[in-house]
Amino acid sequence: YGDSIDGFEVRDVDGNALRVPAGQPPFTHLMFRRWTGCPICSTHLAAYARARDRLVRAGIRTVVFFASTAEEIRASANGALPFHFVPDPEETHYRAFGVGRSFWAMLDWRAVAPAIRGWLTGRASLRGVRRSDGLPADLLVRADGFVIDAYYGDHAFDQWSAEETVATAASLGGRAAP
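The opening residue of the sequence shown carries number 3 in our numbering; numbering runs sequentially from there.
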């Protein structure tokens, strides 16, 4: 973190142009997740959806990148969540932001229970899986492109919680979010 990114435009899951970062709200949270049916990612995004009102009050817009196609995202349960989803099956943005990979991503003991929970809750599928070694990454970017904070996970379940994202924004001058 501490770097600035040039604003860029992507197409969301519906083909709409999306500016990253946007001028409003004050913060853009870039989430890089694995594939749209990943059991861990799906469970994690459901928790973010439950915290959506707190995120909005904190001035945070959530943009989720998936290494999946638009069709795969729309066909999954994730496509119905209240976030901006960006299909990136070629992982162009993953490479640009230095999102890593690890053979142990899903095999790490800290990722096993969340993966099982995701499968048991029906929030998972193999639709769109290209590889299972992707690691998560989170970046919080100010409207002017300054990267306030960044986190690159060491295993598949190593990412910010919604509460951590809201707290980070609040500590950096974001709107209060009870």
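Note that the Cβ used here is the ideal one computed from N, Cα and C, for glycine as well.
On a predicted model such as this, the values are computed, not experimentally measured, just so you know.
Delimiting residues of the alpha helix (DSSP H) encompassing residue i
| i | result |
| --- | --- |
| Arg-35 | Note, Arg-35: premise wrong, no alpha helix (DSSP H); beta strand (DSSP E) at 29–35. |
| Ile-7 | Counting along the chain, Ile-7 falls outside any alpha helix (DSSP H), and DSSP gives it neither H nor E. |
DSSP bridge partner residues for residue i (one or two, in chain order)
| i | result |
| --- | --- |
| Pro-89 | Phe-68 |
| Asp-135 | Looking at the DSSP assignment, Asp-135 forms no beta bridge with any residue, so it has no partner. |
| Asp-63 | A quick correction: the sequence has Arg, not Asp, at residue 63. Arg-63 is bridged to Thr-30. |
| Asp-151 | Leu-142 |
Option nearest residue i by Cα separation, candidates the options
| i | options | result |
| --- | --- | --- |
| Ser-78 | Ala-169, Gly-61, Phe-99, Thr-45 | Thr-45 |
| Thr-71 | Ala-51, Ala-48, Glu-92, Val-168 | Glu-92 |
| Thr-170 | Asp-14, Ile-150, Pro-138, Arg-76 | Ile-150 |
| Trp-162 | Met-33, Asp-14, Gly-9 | Met-33 |
| Arg-52 | Ala-172, Ala-164, Leu-174 | Ala-164 |
| Thr-94 | Pro-28, Arg-13, Leu-174 | Arg-13 |
| Phe-87 | Leu-174, Cys-43, Asp-55, Arg-56 | Cys-43 |
Nearest-angstrom Cα separation, counted from residue j out to residue i
| i | j | result |
| --- | --- | --- |
| Pro-89 | Phe-68 | 5 Å |
| Phe-85 | Ala-19 | 14 Å |
| Ala-179 | Leu-83 | Unreliable placement is indicated for Ala-179, whose pLDDT of 40 sits below 50; the coordinate value is still reported in the next sentence. Taking the straight line joining both Cα atoms gives about 21 Å. |
| Asp-156 | Leu-141 | 15 Å |
| Asp-5 | Gly-17 | 29 Å |
| Val-15 | Arg-36 | 15 Å |
| Gly-136 | Arg-103 | 5 Å |
Delimiting residues of the beta strand (DSSP E) encompassing residue i
| i | result |
| --- | --- |
| Ala-144 | Note that residue 144 corresponds to Arg in the displayed sequence, not to Ala. Counting along the chain, the beta strand (DSSP E) containing Arg-144 begins and ends at 139–144. |
| Arg-103 | Looking at the DSSP string, Arg-103 is not in any beta strand (DSSP E), and its letter there is neither H nor E. |
| Leu-174 | No beta strand (DSSP E) contains Leu-174, which DSSP labels as neither H nor E. |
Proximity of residue i and residue j at Cβ, strictly below 8 Å
| i | j | result |
| --- | --- | --- |
| Ala-98 | Arg-63 | no |
| Val-101 | Ala-158 | no |
| Thr-30 | Val-143 | yes |
| Gly-147 | Gly-61 | no |
| Val-66 | Leu-47 | yes |
| Glu-74 | Thr-38 | yes |
| Pro-28 | Ala-145 | yes |
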